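Asks:
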Amino acid sequence: GDIQRSKKNGESVFVPSSLSAIRNEATEITGYVSVSFDISKERKLRDQVKYLASIVEQATDAIISVDEDKRIISWNSGAAKLHGFTEAEAKGRLLQELGIARFTREDEALSMQAIMEKGVWITETMLYHKDGSSFFGSITGYPLFDGNHEIRAVVFFEKDISLRKKMETQLQQYNEELESEVASRTGE
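Residue numbering for the sequence shown follows this note's numbering, beginning at 30 and increasing consecutively.
Have a look at this one:
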């Protein structure tokens, strides 16, 4: 396992423990060899990756990534709650197979074109639960690049905006009623 040690300057570092016995021709132990190297940076990077992964997993918004074939690579708990499919049910499947968004091929092509050319695609549309029921949602898509600046995947963030849309509709109705009332009182 990893051992925490202190450098001469007092800084803590982590090193893997590796100890090997040295034996003579009679297989008697005559000494030991210990090899240590600093893995503090690797450990820090690993901790950062775990931290970021926990943020994605605990997000209440759906975060879904797909490969170039539109197969689902990642599906966080927000996606599971929003759409009703478990990660095991969703990963490896095509987005169209799940039916969580119902776009024409032309709409899909336009969304991918926007992602490639502008770096982002944003829309508000009907989205669907596993049971087929619908809700109004917002989708934002971004490309995910590798080290060579090649697109490795596309990440979609989805949010249920049904309540906001309902409130917008009510506000519009109230405004129309108010305008009608004002028009009738002023004789217009």
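For every residue, glycine included, the Cβ atom is placed at its ideal position computed from N, Cα and C. Bear in mind the structure is a predicted one, so any value in this text is a computation, not a measurement.
Where do the ends of the beta strand (DSSP E) carrying I51 lie?
Replies: Segment 48-52, the beta strand (DSSP E) holding I51.
Asks: Which same chain residues end up closer than 6 angstroms to G170 when comparing Cβ atoms and leaving out the 5 residues on each side of it in sequence?
Replies: Once the five neighbours on either side are set aside, the close Cβ partners of G170 are I144, W150, V183, F185.
Asks: Going by beta carbon distance, what residues of the same chain come within less than 8 angstroms of P45, once the five residues before and after it are set aside?
Replies: Contacts found: G30, D31, I32, S65, F66, I68.
Asks: Among all the DSSP beta bridges, which residues are the ones paired with G60?
Replies: In the DSSP output, where bridge partners are listed per residue, G60 has I51.
Asks: So, do the segment 117-133 and the segment 90-108 have three or more beta carbon pairs nearer to each other than 8 angstroms?
Replies: Touching, yes, given that three or more Cβ pairs across the two stretches are closer than 8 angstroms.
Asks: Tell me the DSSP bridge mates of T152?
Replies: I168.
Asks: If we ignore side chains and look at the alpha-carbon of each, how far apart do E210 and T133 end up?
Replies: Straight-line Cα distance between these residues: approximately 42 angstroms.
Asks: Residues in the same chain with beta-carbon distance under 8 angstroms from R34, minus the five sequence neighbours each way, listed in chain order, please.
Replies: If we look at R34 and ignore the five residues flanking it on each side, its Cβ neighbours are S41, V42, F43, V44, S65.
Asks: So the alpha helix (DSSP H) A182 belongs to, where does it begin and stop?
Replies: Taken as a continuous stretch (DSSP letters only), A182 belongs to no alpha helix (DSSP H), being part of the beta strand (DSSP E) at 180-189.
Asks: Three-state secondary structure (DSSP) at A108?
Replies: Correct three-state label for A108: helix.
Asks: Check A130 in the structure and name its three-state DSSP category.
Replies: Three-state result, A130: strand.
Asks: Any idea if H178 is buried or exposed, counting beta-carbon neighbours within 10 angstroms, 16 or more meaning buried?
Replies: That one is exposed.
Asks: Give me the Cβ distance between L156 and F164, rounded to the nearest whole Å; I'm assuming they're in contact under 8 angstroms.
Replies: That pair is a contact at about 6 angstroms.
Asks: Note down, in chain order, each residue of its chain lying with its Cβ closer than 6 angstroms to the Cβ of R72, except the 5 sequence neighbours on either side.
Replies: Within the same chain, R72 has close Cβ partners F43.
Asks: Taking the straight line between their C-alpha atoms, what separation do you get for E218 and D90?
Replies: An answer regarding residue 218 cannot be provided, because it is not within the stretch 30 to 217 covered by the chain.
Asks: How far does the beta strand (DSSP E) with I92 in it extend, from its first residue to its last?
Replies: Element bounds for I92: 91-95.
Asks: Following a CB-centred definition, is E187 positioned closer than 7 angstroms to any heavy atom of the ligand HEM?
Replies: Only the bare structure without any ligand can be found here, which leaves the ligand HEM out of the picture.
Asks: Measure the beta-carbon distance from E86 to W104 and round it to whole angstroms, keeping in mind my assumption that it falls under 8 angstroms.
Replies: About 10 angstroms; that fails the 8 angstroms criterion.
Asks: In whole angstroms, what is the alpha-carbon distance linking G113 and M141?
Replies: Approximately 25 angstroms, taken between the alpha carbons.
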